[in-house]
Amino acid sequence: MALNLYNTLSGRVEEFQPLKNNEVRMYACGPTVYDYGHIGNFRTFVAIDILHRHLQQSGYQVRHVMNITDVDDKIIRNSARDGVSVQEYTAKYEKAFLEDAAALNIERPILVRATEHILEMAEFVAELERKGFAYRTDDGSYYFRIANFPGYGKLSKKDFAGMQDGARVDVDDYEKDSARDFALWKAPKPGEAFWESSIGPGRPGWHIECSVMSMAELGETFDLHAGGEDLIFPHHENEIAQSEAKTGKPFAHFWFHARFLLVEGEKMSKSLGNFYTLRDLVLMGHKPSSIRFLLAAAPYRHQLNFTFDGLQQAAASVTRLRNFRLRLTSSQFAEGTNPDVSELAAETLKRLQAGLDDDLNTAQAQGAIFDMIRSVNALIDAGQVLRDDVPALLATLERFDRIFSVLSDDDLPKMRSIAEWAKAEGREQEISEALALAVAANQLSDAEVENKIAEMGAARRARNFAASDALRAQLATAGVVIENTKDGIRWRRK
RNA sequence: GGCGCGGUACCCAAGUGGUAAGGGAGAGGUCUGCAAAACCUUUAUACGUGAGUUCGAUUCUCACCCGCGCCUCCA
């Protein structure tokens with residue numbers, strides 16, 4: 000069964016078919032690196048990551064390109080304010096973004112940077128001018144003439160045909176012929192950073208970078224273009240206009256847009272005080288895996304309401320998944336196989352795939368795996384899961400995790416490195432008690448934990464429960480949870 | 001105003017023209033030295049409101065109410 004995916008361009012769910020047999024070429028609009036990434040940004044990037052992973056798991060060769068916007072008005076303004084170069088300014092936030100993305104287990108796409116393609120952008124603009132889609136204004140800026148591109152509005156479903164421009168509107172302090180015309184190239188104002196190019200000094204408009212870099216990496220027509228829903232208009236609409244005006248060919252076939260998230264029921268904004276970067280959340284003591292699960296488990300077209308209660312629930316769900324795997328890998332099973340179990344695993348796999356194929360319905364996929372977990376737990380209790388059944392169950396769990404990526408317990412090193420970053424930035428006072436505790440927990444090595452557990456086992460055999468409980472309490476403060484099972488003592492980090 | 005999305009239990013969240021997945025939380029129980037984990041039972045006369053189509057609607061249609069997004073550089 001093939002992937003059915005909502006296409007913003009057609010406004011419908013369509014069967015996804017790559018242009019070139021087994022190869023998927025996709026382009027995602029990445030971050031503008033002028034500040035730390037917030038939880039809303041990462042909702043989008045996690046959604047794109049899930050799309051990427053699902054395509055890979057479905058057998059496609061995925062070429063996934065993402066841009067880093069390292070030049071724009073805000074960057075130029077902020078770097079001037081801080082008295083550093085554009086490069087120096089953006090390098091810091093690009094690094095932070097990549098670290099954050101890695102903390103959320105977002106698979107690294109091929110990265111392209113706007114500043115590395117400036118001359119090609121100028122060439123692109125020149126070509127548009129030759130073809131009559133662009134014009135130069137007196138100050139040396141270039142604009143795209145929307146009136147000459149009949150398809151304008153097809154992505155955002157806006158009808159510009161009947162729209163009359165009123166008086167000339169001068170939004171950007173640049174002159175243009177129509178209020179709707181958008182900047183392709185901006186001439187520098189005094190004191191601003193600029194690049195020399197074949198069309199004169201200046202810097203690229205926002206939209207042009209994506210047209211140039213996507214075509215450079217993926218060709219004039221490619222499969223899929225992704226981003227946050229706010230990019231539908233004007234950004235993606237303008238990309239289509241530029242690109243198709245230049246090539247005369249369709250640009251991207253599928254347009255994928257992730258819905259914005261709400262925070263505590265309201266749009267996230269600094270003024271509402273509900274604005275959180277990923278780092279803010281980790282400083283509060285939340286695990287990257289909880290955050291990823293919360294962001295991943297709600298389907299991408301659903302307006303996810305991000306709450307701290309929800310984050311706690313997500314953490315509990317992840318714990319349940321991890322506990323289940325721990326149970327499979329640490330319990331003793333009798334010899335043999337139970338055909339019912341392999342059938343259950345196969346059925347679950349099918350449901351997983353079907354859910355994801357249905358426009359990336361991650362909630363369905365989640366339901367499938369938890370159904371399996373509950374059934375298998377009951378079967379284990381009844382002694383009906385046998386040794387040779389375990390691999391198929393683990394494989395199913397792994398298959399789920401190749402999309403969700405929350406099973407590996409690698410939260411602590413990530414949290415520790417964010418704690419260290421906070422110290423280096425002089426933000427030590429923002430490290431919550433929860434984070435401090437979690438980071439401290441990592442200070443006991445596995446071997447040390449094992450030693451204490453051995454001591455505990457001895458105490459228990461001697462029925463010295465006071466000593467045993469004391470050890471358990473000691474381990475608990477170090478973030479280690481002890482579970483006594485029929486098959487011996489099992490432990491995990493909290 | 002234009003375009004679009006959504007309103008499902010305490011919270012999060014699937015889903016179907018024939019009477020509601022899953023997770024969390026709560027309650028009771030089993031197991032355990034005690035815990036933890038796990039399991040079992042339990043928690044929506046009903047899916048925003050009203051009307052229509054239908055043998056039958058939460059699922060289709062219409063209206064209304066509410067929430068949200070985009071409408072020039074915010075993912």
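Okay, so the first sequence: first residue is 0 according to numbering that gives the first Met the number 0, each after it adds one.
Think of the CB as a built atom: it goes at the ideal place given N, C-alpha and C, for glycine as much as any other residue.
Keep in mind the model is a prediction, meaning the values are calculated, not measured.
Identity of the residue in the options nearest residue i by Cα
i, options, result
"Asp69", "Gly204, Val479, Pro189, Asp180", "Gly204"
"Ala314", "Ala377, Asp410, Gln352, Arg112", "Asp410"
"Met371", "Leu355, Gln302, Asp408, Arg319", "Arg319"
"Ala39", "Tyr142, Thr89, Arg291", "Note that residue 39 is Gly in the sequence shown, not Ala. Taking only the C-alpha atoms, the option nearest Gly39 is Arg291."
"Gln383", "Leu343, Lys269, Tyr33", "Leu343"
"Lys19", "Arg62, Arg492, Pro412", "Arg62"
"Arg324", "Asp308, Ala362, Asn337, Ile368", "Ile368"
"Glu263", "Asn463, Phe305, Leu474", "Phe305"
"Asp400", "Arg321, Glu93, Ser329", "Arg321"
"Ala296", "Glu447, Asp279, Arg326, Asn360", "Asn360"
"Ala257", "Gly247, Pro338, Asp358, Glu93", "Asp358"
"Pro30", "Leu393, Cys209, Glu447", "Cys209"
"Ala95", "Leu327, Leu277, Asn376", "Leu277"
"Ile452", "Ile481, Leu436, Asp380", "Ile481"
"Val317", "Lys493, Ser177, Ile207", "Lys493"
"Ser177", "Ser57, Asp408, Tyr141, Lys153", "Tyr141"
"Arg350", "Leu396, Leu260, Tyr26", "Leu396"
"Arg107", "Val64, Met214, Ala418", "Val64"
"Asp34", "Lys73, Leu8, Tyr26, Thr7", "Lys73"
"Asp138", "Ala90, Gly201, Glu447, Pro298", "Gly201"
"Gln55", "Arg462, Pro149, Ala1", "Ala1"
Euclidean distance between Cα positions of residue i and residue j
i, j, result
"Ala192", "Val85", "8 angstroms"
"Ala113", "Pro233", "18 angstroms"
"Leu4", "Cys28", "18 angstroms"
"Ser416", "Glu87", "22 angstroms"
"Lys185", "Ile198", "11 angstroms"
"Met76", "Ala362", "Note on residue identity: the sequence assigns Arg, not Met, to residue 76. Going from the Cα of Arg76 to the Cα of Ala362 covers about 42 angstroms."
"Glu14", "Arg24", "16 angstroms"
"Thr484", "Met414", "30 angstroms"
"Tyr134", "Glu236", "19 angstroms"
"Thr220", "Glu427", "49 angstroms"
"Leu434", "Gly190", "44 angstroms"
"Leu406", "Leu223", "29 angstroms"
"Ala475", "Glu432", "15 angstroms"
"Glu126", "Val281", "47 angstroms"
"Ala364", "Asp48", "16 angstroms"
"Gly345", "Leu378", "Before going on, a small fix: residue 345 reads as Ala here, not Gly. Going by the C-alpha atoms only, they are around 16 angstroms apart."
"Asp158", "Leu110", "34 angstroms"
"Asp172", "Gly82", "Unreliable placement is indicated for Asp172, whose pLDDT of 46 sits below 50; the coordinate value is still reported in the next sentence. Approximately 24 angstroms between the Cα atoms of the pair."
Sequence-distant residues of the same chain with beta carbon closer than 6 angstroms to residue i, five excluded per side
i, result
"Glu22", "Gln60"
"Val211", "His116, Glu119, Met120, Phe123"
"Ala166", "With a pLDDT of 39 at Ala166, under the threshold of 50, the modelled position of this residue cannot be trusted; read the value that follows with caution. Closer than 6 angstroms at Cβ, skipping near neighbours: no residue."
"Gly487", "none"
"Arg11", "none"
"Gln331", "Asp486"
"Ala333", "Leu385"
Same chain only: Cβ atoms within 7 angstroms of residue i, ignoring 5 sequence neighbours per side
i, result
"Phe44", "Ala100, Ile105"
"Ser196", "Ile117, Leu118, Ala121"
"Ser467", "Met455, Ala458, Arg459"
"Asp169", "With a pLDDT of only 42 at Asp169, under the threshold of 50, the placement of this residue in the model should not be trusted, and no figure is reported."
"Ala495", "Look at the range of the chain in this structure, 0 to 493, and you will see that residue 495 is not part of it."
"Ser155", "Ile231, Phe232, Glu236"
"Leu327", "Val389, Leu392, Leu393"
"Ser268", "Phe274"
"Glu228", "His256, Ala257, Arg258, Phe259"
Neighbourhood of residue i by C-beta distance below 8 angstroms, restricted to the same chain and skipping five residues each side
i, result
"Ser341", "Asp388, Ala391"
"Asn147", "Gly131, Phe132, Ala244"
"Gly218", "Arg24"
"Met162", "Confidence at Met162 is low in this model, with a pLDDT of 49, below 50, so the placement of that residue is unreliable and no value is reported for it."
"Gly335", "Leu385, Arg386, Asp387"
Cβ-heavy atom distance, residue i to the ligand MG, below 7 angstroms
i, result
"Arg415", "In the structure on display, the ligand MG does not appear, and there are no ligands present to speak of."
Should the segment 267 to 284 be regarded as contacting the segment 239 to 248, the criterion being three or more beta carbon pairs within less than 8 angstroms? no
Jot down the residue ranges of each uninterrupted alpha helix (DSSP H) in the segment 445 to 477, minimum 4 residues, whole runs only, in chain order. 445 to 460, 464 to 476
Can we say the segment 66 to 80 touches the segment 250 to 257, given the rule of at least three CB pairs closer than 8 angstroms? no
Please give me, in chain order, every unbroken run of the alpha helix (DSSP H) with length at least 4 that falls completely inside the segment 333 to 374. Whole alpha helix (DSSP H) segments, 4+ residues: 338 to 356.
Suppose only complete runs of 4+ residues qualify. What are the alpha helix (DSSP H) ranges in the segment 21 to 82, listed by chain order? 38 to 56, 72 to 81
Fully enclosed by the segment 107 to 141, which alpha helix (DSSP H) runs are 4 residues long or longer? 117 to 129
Can you list the beta strand (DSSP E) stretches of 3 or more residues lying completely in the segment 179 to 249, in chain order? 181 to 185, 221 to 227
Enumerated in chain order, which unbroken segments of the alpha helix (DSSP H) with a length of 4 residues or greater are wholly contained in the segment 281 to 331? 287 to 296, 307 to 329
Any chance you could list the beta strand (DSSP E) runs of at least 3 consecutive residues sitting entirely within the segment 385 to 454, in chain order? Fully contained in the segment 385 to 454 is no beta strand (DSSP E) run of length 3 or more.
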